[in-house]
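Participant:
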Amino acid sequence: MSNIRIIRNVADEKSRELGEKSIGRLMWKFFVPAFVGVVVNSLYNIVDRIFIGRGVGAIALSGLSAVFPIMLIVMAFGMLVGLGSGVNVSISMGQKKHDRAEKVLGNGLSITILLAAFVSILGFAIKTPVLKLFGATAETMNYAQQYLNIILYGAVFQMIGFGLNNVIRSEGNARIAMYSMLLSAGANLVLDPIFIFGLGMGVKGAAYATVLSMILLDIWVVVHFLSKRAVNRLKFKNLKLDFEIIGRIFAIGMSPFSMQMASSLVMGLFTNQLIKHGGDLAVGALGIIFSVSSLLIMSMVAINMASQPIIGFNFGAKQYDRVKKTVQIAILSATTVAVVSWLGVELFPAPIVRLFNTKDQQLFELAVNGMRIFMLALPVVGFQIVAGNFFQSIGKAKVAMFLSLLRQLILLAPLLLLLPMVFGLNGVWMSSPISDLGSALITGIFLFAQLKKLGKETETGD
Numbered sequence: 007m008s009n010i011r012i013i014r015n016v017a018d019e020k021s022r023e024l025g026e027k028s029i030g031r032l033m034w035k036f037f038v039p040a041f042v043g044v045v046v047n048s049l050y051n052i053v054d055r056i057f058i059g060r061g062v063g064a065i066a067l068s069g070l071s072a073v074f075p076i077m078l079i080v081m082a083f084g085m086l087v088g089l090g091s092g093v094n095v096s097i098s099m100g101q102k103k104h105d106r107a108e109k110v111l112g113n114g115l116s117i118t119i120l121l122a123a124f125v126s127i128l129g130f131a132i133k134t135p136v137l138k139l140f141g142a143t144a145e146t147m148n149y150a151q152q153y154l155n156i157i158l159y160g161a162v163f164q165m166i167g168f169g170l171n172n173v174i175r176s177e178g179n180a181r182i183a184m185y186s187m188l189l190s191a192g193a194n195l196v197l198d199p200i201f202i203f204g205l206g207m208g209v210k211g212a213a214y215a216t217v218l219s220m221i222l223l224d225i226w227v228v229v230h231f232l233s234k235r236a237v238n239r240l241k242f243k244n245l246k247l248d249f250e251i252i253g254r255i256f257a258i259g260m261s262p263f264s265m266q267m268a269s270s271l272v273m274g275l276f277t278n279q280l281i282k283h284g285g286d287l288a289v290g291a292l293g294i295i296f297s298v299s300s301l302l303i304m305s306m307v308a309i310n311m312a313s314q315p316i317i318g319f320n321f322g323a324k325q326y327d328r329v330k331k332t333v334q335i336a337i338l339s340a341t342t343v344a345v346v347s348w349l350g351v352e353l354f355p356a357p358i359v360r361l362f363n364t365k366d367q368q369l370f371e372l373a374v375n376g377m378r379i380f381m382l383a384l385p386v387v388g389f390q391i392v393a394g395n396f397f398q399s400i401g402k403a404k405v406a407m408f409l410s411l412l413r414q415l416i417l418l419a420p421l422l423l424l425l426p427m428v429f430g431l432n433g434v435w436m437s438s439p440i441s442d443l444g445s446a447l448i449t450g451i452f453l454f455a456q457l458k459k460l461g462k463e464t465e466t467g468d
């Protein structure tokens with residue numbers, strides 16, 4: 007009984023904090039650990055690319071770029087369950103349904119393991135044609151295969167770590183979620199040079215370092231949910247599949263899942279167009295650009311992570327004025343980060359590219375030119391990210407999915423096919439900022455309408 011009282015007291019304390027504390031202070035409290043966590047998490051791929059680019063070469067870097075879309079697919083399944091579980095946990099806490107929140111946690115872990123097994127088996131069955139689809143050539147295929155084989159074996163660890171750590175953040179334990187990512191990414195940073203250079207394992211070494219780091223993350227998050235620090239405890243009885251809860255998890259998680267899957271498909275289209283108009287080194291340049299852009303975007307995603315438990319809890323508690331204020335602060339913060347990041351990339355692209363490769367001048371020139379064009383519309387990206395997260399956090403899965411697919415498939419894919427016919431290689435880079443501007447405009451219309459609706463519900467007390 008004493009353990010139950012302790013858990014209830016922790017849950018009540020987190021609920022009071024999310025429902026009563028100043029929005030600005032809450033955002034800052036959750037943002038700092040989220041920012042550290044996501045930036046460190048982004049270092050997984052970036053560190054791999056830096057060490058491979060410097061230690062193995064430009065062609066190996068191009069081979070790794072062909073694997074990246076497949077890693078996005080693996081992460082998509084992790085997001086399907088991880089973000090879906092996190093939002094449902096936040097809303098359940100806001101509704102004071104603690105037992106339901108714990109059931110979401112248990113079901114989330116079970117379905118993650120099943121999906122990971124499916125992803126690994128399917129991945130090995132179709133890996134060669136998929137790598138070709140995503141731009142691997144005869145020259146880069148061997149490097150891509152070496153890296154991907156190990157990543158597929160470790161898919162279950164990547165998905166469990168991501169999923170459970172998102173639930174830690176959603177229950178209000180943002181600092182613990184930050185420690186999770188620091189531990190895992192720190193291990194990857196240490197293991198990469200040991201395996202790549204010290205043991206002479208090359209591309210395989212980078213993959214082994216990534217998987218071992220994920221295993222460490224899994225141990226950490228599982229121990230957390232078995233401890234008294236957890237707001238929601240991991241219990242064996244909740245591992246039994248409840249299809250009603252799984253349906254709710256999938257309903258919320260389908261938007262980020264669709265976005266990641268679309269990102270993977272678009273990345274494949276990117277690589278094919280780059281090979282056609284710029285060759286293998288242009289694909290290597292894309293790898294550098296995507297690494298930098300993902301790091302910058304993750305900085306804005308951290309603001310999302312800070313706002314998600316606040317929005318989800320208060321929406322569940324029908325405190326719509328706090329929901330609106332959280333969204334407003336998040337948009338202002340994300341836009342500020344986006345503008346500052348854009349200035350840095352546009353003014354200093356050369357030093358950034360030099361981090362990844364110091365030997366190949368052609369790769370350097372391709373990456374510098376591509377980065378400047380690719381990130382022209384970065385200032386509006388922060389707004390898009392926050393708006394999409396808002397609809398996801400309040401359970402508007404269909405709207406969130408549409409806005410996610412709007413940029414990736416509805417706008418970006420056709421532009422990738424049309425613009426290179428006119429502008430060549432520059433047309434490939436131009437497709438991204440044009441699609442960002444178009445989707446930002448449409449997203450703004452949806453967001454304004456929903457916030458106006460929340461304002462009316464606040465006035466009437468519904």
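Taking our numbering, I'd label the letters of the sequence shown as residues 7 to 468. Yeah, the Cβ is synthetic: ideal placement off N, Cα and C, and Gly gets one too.
Would you decide whether MET427 is buried or exposed? Buried here means 16 or more other CB atoms lie within 10 Å of its CB.
Facilitator: Residue numbering aside, residue 427 sits at position 421 when the sequence shown is read from its first letter. Exposed.
Participant: Would HIS283 and LEU424 qualify as a contact pair, given that the criterion is a beta-carbon distance under 7 Å?
Facilitator: Counting from one through the sequence shown, the residue named residue 283 turns up at place 277. Counting from one through the sequence shown, the residue named residue 424 turns up at place 418. No.
Participant: Report the option in ILE448, GLY69 and LYS27 whose CA atom is closest to the CA atom of ILE281.
Facilitator: Counting from one through the sequence shown, the residue named residue 281 turns up at place 275. The shortest Cα separation from ILE281 among ILE448, GLY69 and LYS27 belongs to GLY69.
Participant: May I ask you to report which of helix, strand or coil DSSP gives LYS331?
Facilitator: Looking up residue 331 in the sequence shown gives position 325. Three-state result, LYS331: helix.
Participant: Which ranges would you report for the alpha helix (DSSP H) in the region 335 to 381 if only whole runs of at least 4 residues count?
Facilitator: Entirely contained in the region 335 to 381, the alpha helix (DSSP H) runs reaching 4 residues are, in chain order, 355 to 360 and 367 to 380.
Participant: Starting from MET207, follow the alpha helix (DSSP H) in both directions and report where the run begins and ends.
Facilitator: Sequence index remark: in the sequence shown, residue 207 carries index 201 (1-based). That residue, MET207, is in no alpha helix (DSSP H); it is neither H nor E in DSSP.
Participant: Taking the alpha carbon of ILE200 as the point to measure from, which residue in TRP348, VAL333, ILE440 and ILE58 has its own alpha carbon closest?
Facilitator: Locating residue 200 in the sequence shown gives position 194, where the first residue counts as 1. Nearest C-alpha to ILE200: ILE58.
Participant: Would SER176 and TRP226 qualify as a contact pair, given that the criterion is a beta-carbon distance under 7 Å?
Facilitator: On the sequence shown, residue 176 is found 170 positions in, with the first residue counted as 1. On the sequence shown, residue 226 is found 220 positions in, with the first residue counted as 1. No, Cβ-Cβ distance for SER176 and TRP226 is not below 7 Å.
Participant: Sorted by chain position, which residues of the same chain lie with C-beta nearer than 8 Å to TYR153's C-beta, five sequence neighbours on each side aside?
Facilitator: Here residue 153 refers to the residue found at position 147 of the sequence shown. For TYR153, where only same-chain residues beyond five positions count, the Cβ hits under 8 Å are GLY69, LEU70, VAL73, VAL209, LYS210, ALA212 and ALA213.
Participant: Drop a sphere of 10 angstroms on the beta-carbon of GLU250, count the other beta-carbons inside from all chains shown, and report buried for 16 or more, exposed for fewer.
Facilitator: Translated into the one-based positions of the sequence shown, residue 250 becomes position 244. With fewer than 16 other Cβ atoms within 10 Å, it is exposed.
Participant: Have a look at ARG11 and ASN244 and give me their C-alpha separation to the nearest angstrom.
Facilitator: What you label residue 11 is simply residue 5 of the sequence shown in a count that begins at 1. What you label residue 244 is simply residue 238 of the sequence shown in a count that begins at 1. In this prediction, ARG11 scores a pLDDT of 47, lower than 50, which makes its location untrustworthy; no coordinate-derived value is stated.
Participant: Consult DSSP for PHE140 and reduce its assignment to one of helix, strand or coil.
Facilitator: Numbered from 1 along the sequence shown, position 134 holds the residue referred to as residue 140. Three-state DSSP puts PHE140 in coil, outside helix and strand.
Participant: Rounded to whole angstroms, what's the CA-CA distance from PHE276 to ILE416? Just pull it up for me.
Facilitator: Locating residue 276 in the sequence shown gives position 270, where the first residue counts as 1. Locating residue 416 in the sequence shown gives position 410, where the first residue counts as 1. Those two C-alpha atoms are separated by around 15 Å.
Participant: Can GLU279 and LEU422 be called in contact, C-beta distance under 7 Å?
Facilitator: Within the sequence shown, numbered from 1, the residue matching residue 279 stands at position 273. Within the sequence shown, numbered from 1, the residue matching residue 422 stands at position 416. With the sequence shown as reference, residue 279 is identified as Gln, and Glu is not the correct amino acid for it. In this structure, LEU422 lies closer than 7 Å to GLN279 by Cβ.
Participant: From GLY450 to LYS241, what does the alpha carbon distance come to, in whole angstroms?
Facilitator: Taking the sequence shown and counting its residues from 1, one reaches residue 450 at position 444. Taking the sequence shown and counting its residues from 1, one reaches residue 241 at position 235. So the alpha carbons of these two residues sit roughly 42 Å apart.
Participant: Within this structure, are the beta carbons of SER91 and VAL173 separated by less than 7 Å?
Facilitator: Along the sequence shown, read from residue 1 onward, the residue named residue 91 stands at position 85. Along the sequence shown, read from residue 1 onward, the residue named residue 173 stands at position 167. It is a contact, given that the beta carbons lie within the stated cut-off.
Participant: Along the chain, where does the alpha helix (DSSP H) containing THR277 start, and where does it finish?
Facilitator: Position 271 of the sequence shown, counted from the start, is the residue given in the question as residue 277. Segment 249 to 283, the alpha helix (DSSP H) holding THR277.
Participant: If you draw a straight line from the alpha carbon of LEU457 to that of PRO385, how long is it in whole angstroms?
Facilitator: Locating residue 457 in the sequence shown gives position 451, where the first residue counts as 1. Locating residue 385 in the sequence shown gives position 379, where the first residue counts as 1. Approximately 22 Å, taken between the alpha carbons.
Participant: Between which residues of its own chain and LEU137 is the CB-CB distance below 6 Å, once the five residues before and five after are set aside?
Facilitator: For this step, residue 137 is matched to residue 131 along the sequence shown. Counting only Cβ-Cβ distances below 6 Å, and skipping sequence neighbours, we find ALA72 and ALA150.
Participant: Start and end of the alpha helix (DSSP H) containing GLN151?
Facilitator: In the sequence shown, counting from the first residue as 1, residue 151 sits at position 145. Looking at the DSSP string, the run of the alpha helix (DSSP H) that includes GLN151 is 147 to 159.
Participant: Which same chain residues end up closer than 7 Å to LEU372 when comparing Cβ atoms and leaving out the 5 residues on each side of it in sequence?
Facilitator: In the sequence shown, counting from the first residue as 1, residue 372 sits at position 366. Excluding positions up to five away in sequence, the list reads GLY284, LEU287, ALA288 and ALA291.
Participant: So, for GLY30: in the same chain, excluding its five sequence neighbours on each side, which residues have a beta-carbon less than 6 Å away from its beta-carbon?
Facilitator: Here residue 30 refers to the residue found at position 24 of the sequence shown. Taken in chain order, the list of residues that qualify is empty.
Participant: Specify the secondary structure class of LEU240 as computed by DSSP and reduced to three states.
Facilitator: To locate residue 240, count along the sequence shown from 1; it is residue 234. Residue state, collapsed to three classes: coil.
Participant: Could you check the C-alpha separation between PHE380 and ASP442 for me, to the nearest Å?
Facilitator: Locating residue 380 in the sequence shown gives position 374, where the first residue counts as 1. Locating residue 442 in the sequence shown gives position 436, where the first residue counts as 1. Going from the Cα of PHE380 to the Cα of ASP442 covers about 10 Å.
Participant: What's the C-alpha gap between GLY394 and LEU409?
Facilitator: Residue numbering aside, residue 394 sits at position 388 when the sequence shown is read from its first letter. Residue numbering aside, residue 409 sits at position 403 when the sequence shown is read from its first letter. Going from the Cα of GLY394 to the Cα of LEU409 covers about 7 Å.
Participant: Evaluate LEU349 with the Cβ neighbour count: other Cβ atoms within 10 Å of its Cβ, from every protein chain shown; 16 or more gives buried, anything less gives exposed.
Facilitator: If you number the sequence shown from 1, residue 349 lands on position 343. Exposed: under 16 other Cβ atoms inside 10 Å.
Participant: Starting from the C-beta of PRO39, find all residues in its chain whose C-beta is less than 7 Å away, skip the five residues before and the five after it, and write them out in chain order.
Facilitator: Counted from its first residue, the sequence shown places residue 39 at position 33. Around PRO39: ALA180, ARG181, ALA183 and MET184.
Participant: Could you tell me the distance, in whole angstroms, from the CA atom of VAL80 to the CA atom of TYR326?
Facilitator: In the sequence shown, counting from the first residue as 1, residue 80 sits at position 74. In the sequence shown, counting from the first residue as 1, residue 326 sits at position 320. Cα to Cα, the separation comes out at about 35 Å.
Participant: Consult DSSP for ALA419 and reduce its assignment to one of helix, strand or coil.
Facilitator: To locate residue 419, count along the sequence shown from 1; it is residue 413. Looking at ALA419 - three-state DSSP - the assignment turns out to be helix.
Participant: Where do the ends of the alpha helix (DSSP H) carrying ASN179 lie?
Facilitator: Within the sequence shown, residue 179 is the residue found at index 173, counting from 1. Careful: ASN179 lies outside any alpha helix (DSSP H) and carries neither H nor E.
Participant: If you follow the alpha helix (DSSP H) that GLN314 is part of, which residue opens it and which one closes it?
Facilitator: For the purposes of this step, residue 314 is taken as the residue at position 308 of the sequence shown. Start and end: 286 to 322.
Participant: Tell me whether GLN334 is buried or exposed, calling it buried when 16 or more other Cβ atoms sit within 10 Å of its Cβ.
Facilitator: Locating residue 334 in the sequence shown gives position 328, where the first residue counts as 1. Answer is exposed; the Cβ neighbour count stays below 16.
Participant: Return the residue from the list ALA66, PHE354, SER233 and MET165 that minimises the CA-CA distance to THR118.
Facilitator: Translated into the one-based positions of the sequence shown, residue 118 becomes position 112. With distances taken between Cα atoms, THR118 lies closest to MET165.
Participant: Tell me whether the region 106 to 121 and the region 84 to 98 touch, counting them as touching only if at least three CB pairs, one residue from each stretch, are closer than 8 Å.
Facilitator: Enough Cβ pairs lie closer than 8 Å, so yes.
Participant: Look at GLU145 and ILE65 and say whether their C-beta atoms are less than 7 Å apart.
Facilitator: For the purposes of this step, residue 145 is identified with residue 139 of the sequence shown, where counting begins at 1. For the purposes of this step, residue 65 is identified with residue 59 of the sequence shown, where counting begins at 1. Contact flag set, yes.
Participant: Are there 16 or more other CB atoms within 10 angstroms of the CB of SER300, so buried, or fewer, so exposed?
Facilitator: Position 294 of the sequence shown, counted from the start, is the residue given in the question as residue 300. Under this definition SER300 is a buried residue.
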